[in-house]
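Only one structure is covered here, and it is reproduced in the block below.
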Amino acid sequence: LCCGVFWVAMYWSQKASEWSDDASLAPYKNARVDILFNQGCDQWYMSSEVNPCVYGNENGSRTVVLIGDSIASQWFPAVLDIYKEPEWKVVALIKSACPAVDEKQHYKRLGRDYFECYKWRDNAFKYITEIKPDVVIMSSGLMDFTQDQWVKGTSRVLGRIENDIEKITDNALNNAQMW
440 LCCGVFWVAM YWSQKASEWS DDASLAPYKN ARVDILFNQG CDQWYMSSEV NPCVYGNENG
500 SRTVVLIGDS IASQWFPAVL DIYKEPEWKV VALIKSACPA VDEKQHYKRL GRDYFECYKW
560 RDNAFKYITE IKPDVVIMSS GLMDFTQDQW VKGTSRVLGR IENDIEKITD NALNNAQMW
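The opening residue of the sequence shown carries number 440 in the working numbering; numbering runs sequentially from there.
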């Protein structure tokens, strides 16, 4: 077993080195998702405080909001690249293990319902209605919700913001001008 683990580690190290030298992967070398966590954008699971982190042009004429759990944070480098300055302000609203779906959930790490998530999500969507962004991108990891819970929970959050944003789409990243 020890030799097998060693072999896998060596193989992975060699492949990672090869990949880092691959010119086709150069644009991804500097992609970072830890920026949001290192700057306090995600208050982790024990807090319900909404801490909007603003990037790009703080005075931009257009605003995009990225909201969701840690999976949403993985989209952050792409969102920041697609919605570039000078006209775009990028706002990240991230809370680990808190999906952008209006459903209650039992969080195993806490051993109880995730009340901090409910309060954070409620305040995050209030914030969105206050700033009236041009684009809202929602992303969540896989939770133990039924299909009905996903549909109804997503419908509820979209219903809260539909009158405060210009357009709701399920493919904002595809509709952005990328070049």
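By construction, the Cβ of each residue, glycine as well, lies at the ideal position given by its N, Cα and C atoms.
These numbers were taken from a predicted model, which means no experiment stands behind them.
Query, Result
"DSSP state of V500 mapped onto helix, strand, coil", "The question names Val, but residue 500 in the sequence shown is Ser. If DSSP states are grouped into helix, strand and coil, S500 belongs with coil."
"Cβ neighbour criterion (16 or more within 10 Å) applied to P525", "exposed"
"Three-way DSSP call (helix, strand, coil) for W483 in this model", "coil"
"Same chain, Cβ closer than 8 Å to S579, neighbours up to 5 away in sequence not counted", "G507, D508, I510, A511, P538, A539, V540"
"Segment limits, alpha helix (DSSP H) that includes K558", "554 to 570"
"Reduced DSSP category for V540 - H, G, I as helix; E, B as strand; rest coil", "coil"
"Local Cβ density within 10 Å of Q560, reported as buried at 16 or more and exposed below that", "Correcting the residue identity first, residue 560 is Arg in this sequence and not Gln. Flag for R560 reads buried."
"Spatial neighbours of A615 in its chain, beta-carbon cut-off 7 Å, leaving aside the 5 residues before and after", "Caution is warranted here: a pLDDT of 46 is assigned to A615, below 50, making its placement in the model unreliable, and no coordinate value can be reported."
"Cβ distance (whole Å) where Y484 is taken to contact E555 below 8 Å", "6 Å"
"Range covered by the alpha helix (DSSP H) that runs through A462", "First-last for A462: undefined, no H or E at that position."
"Residue(s) in a DSSP beta bridge with K534", "Answer is none; K534 lacks a bridge partner."
"Buried versus exposed, by CB contacts within 10 Å (16 or more), T502", "buried"
"DSSP bridge partner residues for L475 (one or two, in chain order)", "The partner list for L475 (beta bridge, DSSP) is empty, contrary to what the question assumes."
"Under 8 Å between C-beta atoms of I576 and L519", "no"
"Three-state class that DSSP yields for S512 in the structure shown", "helix"
"Contacts around V590, its chain only, beta-carbon distance under 7 Å, and the 5 residues preceding and following it disregarded", "none"
"Rounded C-alpha distance that separates Q482 from A531", "12 Å"
"Assigned secondary structure, S579 (DSSP; H/G/I helix, E/B strand, else coil)", "coil"
"Inter-residue CB distance, K648 and G499 (contact presumed, cutoff 8 Å)", "Since the first residue shown for the chain is 440 and the last is 618, residue 648 is missing from the structure and cannot be characterised."
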